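2 protein chains.
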Amino acid sequence: MKRKEFRKLISVEKAREIMNNLQVFPRPESLALENAYGEILAGDIVTEINVPSFPRAVMDGYAVRAEDTYACSETRPVELKLLGNLPAGSDAKFKVSTGEAVEVSTGSPIPEGANAVVMVEYSSEGDGTVSIYSPVTVGENTMKAGSDIRKGERVLRAGRKLGTREIGVLASIGKKDVPVLKLQVGIISTGDELVQPGEKLTSGKIYDANSYTLYAGIRECGAFPLLYGIVKDNETAMKKTLETAVSECALILTSGSTSSGAGDIMYRLIDEIGETLAHGISIKPGKPVVIGIIQGVPIIGLPGNPTSALMIFNEFVAPMLRKALGEDKSLKKTENGIMGTRFRSEGRQQLLPVGLIRGMVYPADRGSGAITSLSGADGFIKIPSSTEFIEAGTPVEVTLFGEVEKPDLLIAGGFCPGLDLLEDLSGLYFRTLFTSSSGGFSAIASNTADIAGVNMPSSDPRGQDGILYNVPTVENMGLSGTVLVKGYRREVGLIVRQGSLVSGISDLPGKHLINRNRGSGARALLDLKIAEFIAGKGISKKEFIDSIPGYASGAKSEVAVCEAVASGKAEVGVGIRNCTEKNGLHFIKFAEEEYDFLIRKEILETFEVRKFLETLTSTEFASKLTSGLHVYERTGEIISFE
Amino acid sequence: MKRKEFRKLISVEKAREIMNNLQVFPRPESLALENAYGEILAGDIVTEINVPSFPRAVMDGYAVRAEDTYACSETRPVELKLLGNLPAGSDAKFKVSTGEAVEVSTGSPIPEGANAVVMVEYSSEGDGTVSIYSPVTVGENTMKAGSDIRKGERVLRAGRKLGTREIGVLASIGKKDVPVLKLQVGIISTGDELVQPGEKLTSGKIYDANSYTLYAGIRECGAFPLLYGIVKDNETAMKKTLETAVSECALILTSGSTSSGAGDIMYRLIDEIGETLAHGISIKPGKPVVIGIIQGVPIIGLPGNPTSALMIFNEFVAPMLRKALGEDKSLKKTENGIMGTRFRSEGRQQLLPVGLIRGMVYPADRGSGAITSLSGADGFIKIPSSTEFIEAGTPVEVTLFGEVEKPDLLIAGGFCPGLDLLEDLSGLYFRTLFTSSSGGFSAIASNTADIAGVNMPSSDPRGQDGILYNVPTVENMGLSGTVLVKGYRREVGLIVRQGSLVSGISDLPGKHLINRNRGSGARALLDLKIAEFIAGKGISKKEFIDSIPGYASGAKSEVAVCEAVASGKAEVGVGIRNCTEKNGLHFIKFAEEEYDFLIRKEILETFEVRKFLETLTSTEFASKLTSGLHVYERTGEIISFE
């Protein structure tokens, strides 16, 4: 067989050892103090001044010799001669002798001879005199020179991350420019299929996400990213970019072009102009990883897939950057969670992207081509090769994708604009997986979602006009331990262009239909309405649908349906009203379906679900619902399935 | 009495209410994606494309019609006609019919007619053909258009903080510029005593720390600070700066010039050109706080003291900024701790700066003039007016000064360069309070330090030459439950200029001495050496020391001693050898003192103390110790006090 791979994958331990031995040297750079927040100090800071640099009043009042006040009291004040006023910041010179005082403010220097400050509250000024009503002790309301920070003291150690507090200390000792560590990391994305965000996406291309996720990830580690853009799968172009990066950076990250596909030449290039230390780590998705050195500058080739690249970055590269910046303690952000569902492993070591919602961990892998596994993931877990299954309930450690905001609720099911409104009004953060209604039921069954938004109709005598929503499916699937919370009604109908001659289901034969995907409530509802229409007319369902070109199509979203109709690719579609209005289309209502929420019973009393339901039944939600969606008397009603 | 204050302080609740009602509006601003990391999204992001935008191969191999492969096996491959190669990023068009295949790479579009990809591992190419050895199902190794992110989906909601992951999602839908919230906050420092860091510190002045701590604090909240520098206590200058800031910012923070001292005119100015909403909050240190509005722009006057300003900022201003930036959840960083020592409150509501070390909380207040309370503090606790004492062991909630790195060990006692070396080699983070030896013993007694570095000599027959270090003091103070770990020896002696005629203690009479402060080991040792010298000579100690001008002086540090000698202010000083060498001075050794570590027994087995002791007894420490310090056979020896 052609293109068979013979290269030897190295172990995770070996990969770490190689990376640990790479020489990645940040260079010191001087930054203006205000720009140094969050950076790592490049050298020890020893103060050259005392803080304060002079004995200082810490209250408004009068600098005196404490001895002069010992005998005074509220009823028997002592009168001192007032020599003058010494405001804060003044360099006027006074010498206070017995029986004398100088007016001072907070921050004033203590004049020579004085050794205490009487607070203004315990004094009254006369003509060239001040009367003191309360004695002070030596040193009272004053502060000695150097009592904050002593000259010669090491105030900050090299390697300290500069927070608000450190910035304040540096300012107070007069440092305007501070030496910080600058670790410049070059980023190169490779692949003919990549287009830069902001440019037009032509056929067969995808946007370059890696340049930007790596940029953010490098910043999060405290290093300085430098973008070299997208390089085509062309040896000359790649070589040129690599050489520039080698001259400018302490480390280079590339992504893409490292697997064994036809266009992958990066690793051959590293071999040619540098040295390859490893090609492939035996952990999924580490197979395409390349580690090399070009003219002393380490280069790491990451997978092209954004989630894979980010996992390998967090697992292997980020710790190296942090170490190079002198962070002794591992800053890898991890959090413990409980596996929310059973996961079957492939029997090899792997990093699995996961979501972490209220302490529960859910696999977020949708195949290695997916970028959503990124939007749907908060981090990843490491699975050893010996693990076949991770059972639900198993404690696992999640390495987070940096500083992530974690969702409050994981919602699966059919798309609805009402969900966005519920999210906005509740203030909760939903992670939404649009799986159609059938996928929503499955997600509740497999415990991979908290709530499913569902609108699945069934022919059932218990329902109005013989159609009952969602309850039959829950019953048929045996989804015990759940509740169905009645949501709101949605106008469903046919979607046509303005001026279309289609006026109802009877007109469908001969018209090019764009249908919804199997498993969606809209498609199921259309089928029921067709059955209703043909009932007693002596035509079979097969006959009727065979007469509709495109009946077998399966658009994955309302938006896709509207587009197909608006663009003329189809004459008629099926969907909810809301979507048509934005697109200037005409809507022919044929039903009001019920969009409900299926919830696992054990989370009904959590703060998040209570907030969700409270919002659903609020008057604000009712009044802000978009056209074609209506709350009704059953909104919020709970049907329990034991 | 003059300058009596009549203004009415408002309650904390009232202050919060006023601040909550202030209108602080961030403006949306477009940022390039790579610069948007960490910013807050200003609007919902709805994707205008599907991701991927075309059906896509997720493996290298051959795009086929799955039906063609159903019957094949390893021993009976099926041979398909190879139409050509369709690399990732290519827009070449192929149409795959029954019996045909197209070579594809990961990321290639699936050509028309094909519905699956056979992995290259299960194929072999012939002459214009490819043999398939393993069947695939419909959709296998492919990914549908929109299966990651669906066109029309709201991918990110306004108000989301943009992390690595969010940046990746934005890139993958092609967003190059993103709308983020920009909340511009002006910073004005006022006071004639302020000098900008980097400039020369003249008599009576201090460096402006507030501009920089507030700058960092504002950045930490996600807002954009703008520095207006230092404004003198001059009404015209202040008015001009305020007016500029009002025209440029959504909020203005000033510090200083708000208390009732002579030079404080800021609050009168706000009254004049705007409206004062409050002057003074009844919580220490909130008395100088001013809240006002000028032409619709809120202005908050903070105390001039850096720690006070930062506490008021964190307690009142930071939550307002975060709220204005749409952070629903309070991001105030708090951590629970246990009070490590008894604290006596003043019977009024207050914010107390504290250190947080290994879960223990220690007051870090050194008086309102201190900036070190900032370097020594990790945050603050709020004490209600009803609290008289907080007992050691009480759980308290600490509001952190943002992202703070917390120390591993709190060390008090006498200054020693050996401590810096111990910190460097151990990798631990020490918070060091230089209190002299006597302060170190007290800190252990009051449980306000973990370790005290001490070098206190006593006349004691148990010691070598009748001098015993530290043990007698521990015994006299009754410091039970502690251990004394023997440290290292330090050469102590007289410090003189090169060419000085002083050659020992006998030469001190008539020479101007710069002595150390009472409580320091060096001063105590000099006294013992003087006693030794005069013994049997028929002169009293009083007589001898009275003959030494400057004997009563008390420099707070070695550095100050060396400076006094080097500058000629004194003829002779007392200290350790190390310090003299840096200053080109001459050193006349009169003893080798013992510098030891007093440690509370209950923390002896913590990771941090073990690491500390391990470093103390390491060969690396021994070899790197600076001149005049020596480890010896007793280094690391533990003396236990029950």
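Top to bottom, those sequences are chains A and B. Once you know that position 246 of the first sequence is 246 in full-length UniProt numbering, the rest is easy, because the numbers rise by one and skip nothing. Once you know that position 326 of the second sequence is 326 in full-length UniProt numbering, the rest is easy, because the numbers rise by one and skip nothing. Ideal Cβ placement from N, Cα and C applies to all residues, glycine included. Remember, it's a predicted structure, so these values are computed and weren't measured experimentally.
Can you look up residue i in the DSSP assignment and give me helix, strand or coil?
{"i": "residue 655 of chain A", "result": "An answer regarding residue 655 of chain A cannot be provided, because it is not within the stretch 1 to 642 covered by chain A."}
{"i": "residue 546 of chain A", "result": "helix"}
{"i": "residue 600 of chain B", "result": "strand"}
{"i": "residue 59 of chain B", "result": "coil"}
{"i": "residue 428 of chain B", "result": "coil"}
{"i": "residue 182 of chain B", "result": "strand"}
{"i": "residue 270 of chain A", "result": "helix"}
{"i": "residue 401 of chain A", "result": "coil"}
{"i": "residue 151 of chain A", "result": "coil"}
{"i": "residue 322 of chain A", "result": "helix"}
{"i": "residue 592 of chain A", "result": "strand"}
Return the bridge partner residues of residue i from the DSSP annotation.
{"i": "residue 287 of chain B", "result": "DSSP, once it has assigned bridges, lists no residue as partnering residue 287 of chain B."}
{"i": "residue 135 of chain B", "result": "In DSSP, residue 135 of chain B forms no bridge with anything."}
{"i": "residue 124 of chain B", "result": "B:131"}
{"i": "residue 389 of chain A", "result": "A:344"}
{"i": "residue 177 of chain A", "result": "A:32"}
{"i": "residue 453 of chain A", "result": "A:413 and A:597"}
{"i": "residue 195 of chain A", "result": "A:207"}
{"i": "residue 395 of chain A", "result": "A:338"}
{"i": "residue 81 of chain A", "result": "A:100 and A:129"}
{"i": "residue 110 of chain B", "result": "None, per the DSSP bridge assignment."}
{"i": "residue 464 of chain B", "result": "B:467"}
Alpha carbon to alpha carbon, how far is residue j from residue i? Give it in angstroms, no decimals.
{"i": "residue 18 of chain A", "j": "residue 277 of chain A", "result": "8 Å"}
{"i": "residue 220 of chain B", "j": "residue 402 of chain B", "result": "7 Å"}
{"i": "residue 290 of chain B", "j": "residue 267 of chain B", "result": "7 Å"}
{"i": "residue 492 of chain B", "j": "residue 381 of chain A", "result": "58 Å"}
{"i": "residue 548 of chain A", "j": "residue 374 of chain A", "result": "39 Å"}
{"i": "residue 85 of chain B", "j": "residue 103 of chain B", "result": "5 Å"}
{"i": "residue 607 of chain B", "j": "residue 21 of chain B", "result": "48 Å"}
{"i": "residue 635 of chain A", "j": "residue 487 of chain A", "result": "5 Å"}
{"i": "residue 324 of chain A", "j": "residue 159 of chain A", "result": "10 Å"}
{"i": "residue 609 of chain B", "j": "residue 481 of chain B", "result": "16 Å"}
{"i": "residue 360 of chain A", "j": "residue 390 of chain A", "result": "13 Å"}
{"i": "residue 265 of chain A", "j": "residue 235 of chain A", "result": "7 Å"}
{"i": "residue 629 of chain A", "j": "residue 489 of chain A", "result": "6 Å"}
{"i": "residue 36 of chain A", "j": "residue 167 of chain A", "result": "8 Å"}
{"i": "residue 370 of chain A", "j": "residue 189 of chain A", "result": "Model confidence at residue 370 of chain A stands at a pLDDT of 45, short of 50, so the residue's coordinates are unreliable; what they give is reported in the following sentence. Roughly 17 Å between the two C-alpha positions."}
{"i": "residue 354 of chain A", "j": "residue 556 of chain A", "result": "24 Å"}
{"i": "residue 66 of chain B", "j": "residue 479 of chain A", "result": "34 Å"}
Within the chosen definition, does the region 623–632 of chain B reach the region 558–573 of chain B through at least 3 CB pairs nearer than 8 Å?
Judged by pairs of C-beta atoms under 8 Å, the region 623–632 of chain B does not touch the region 558–573 of chain B, as fewer than three such pairs exist.
Hey, is the region 410–417 of chain B in contact with the region 138–146 of chain A, meaning 3+ C-beta pairs nearer than 8 Å?
Taking a cut-off of 8 Å on C-beta distances, the region 410–417 of chain B does not touch the region 138–146 of chain A, as fewer than three cross pairs fall below it.
If contact is defined by three or more beta carbon pairs under 8 Å, each pair taking one atom from either stretch, is the region 8–15 of chain B in contact with the region 267–283 of chain B?
In this structure the region 267–283 of chain B touches the region 8–15 of chain B; the number of beta carbon pairs closer than 8 Å is three or more.
Is the number of C-beta pairs between the region 175–186 of chain A and the region 40–51 of chain A that are closer than 8 Å three or more?
Under the Cβ criterion (8 Å, minimum of three pairs), the region 175–186 of chain A counts as touching the region 40–51 of chain A.
What residues in the region 380–414 of chain A bring their beta carbon closer than 8 Å to a beta carbon of chain B?
Answer set for the region 380–414 of chain A: 401, 402, 403, 404 and 405.
So does the region 450–458 of chain A actually touch the region 414–424 of chain A, counting three or more Cβ pairs closer than 8 Å?
Enough Cβ pairs lie closer than 8 Å, so yes.
Output, in sequence order along the chain, the residues in the region 191–203 of chain B whose CB is closer than 8 Å to any CB in chain A.
Listed by position along the chain: 191, 192, 193, 194, 195, 196, 197, 198, 199, 201, 202 and 203.
Closer than 7 Å between beta carbons: that is the criterion. Which residues of the region 429–453 of chain A meet it against chain B?
Hits within the stretch, in order: 434.
Quick one, which residues of the region 69–91 of chain A are near chain B if we go by CB-CB under 8 Å, in chain order?
Shown in chain order are the members of the region 69–91 of chain A whose Cβ falls below 8 Å from a Cβ of chain B: 85, 87, 88, 89, 90 and 91.
Should the region 383–396 of chain B be called in touch with the region 345–360 of chain B, which here means at least 3 C-beta pairs below 8 Å?
Enough Cβ pairs lie closer than 8 Å, so yes.
Decide if the region 25–44 of chain A is in contact with the region 90–109 of chain A; the criterion is three or more beta carbon pairs, one per stretch, under 8 Å apart.
Per the Cβ contact rule, the region 25–44 of chain A is not in contact with the region 90–109 of chain A (fewer than 3 Cβ pairs under 8 Å).
When you compare the region 425–439 of chain A with the region 334–346 of chain A, are there three or more beta-carbon pairs, one atom per stretch, that lie closer than 8 Å?
The region 425–439 of chain A vs the region 334–346 of chain A: no contact.
Can you find at least 3 beta carbon pairs, one from the region 580–593 of chain B and one from the region 492–510 of chain B, that sit closer than 8 Å?
Flag = yes, the region 580–593 of chain B and the region 492–510 of chain B touch.
What are the residues of the region 163–174 of chain A that lie near chain B, defined by any Cβ-Cβ distance shorter than 9 Å?
Sequence-ordered contacts of the region 163–174 of chain A with chain B read 163, 164, 165, 166, 167, 168, 169, 170, 171, 172, 173 and 174 [C-beta pairs closer than 9 Å].
Would you call the region 139–154 of chain A in contact with the region 115–123 of chain A, where contact means no fewer than 3 C-beta pairs closer than 8 Å?
The region 139–154 of chain A vs the region 115–123 of chain A: in contact.
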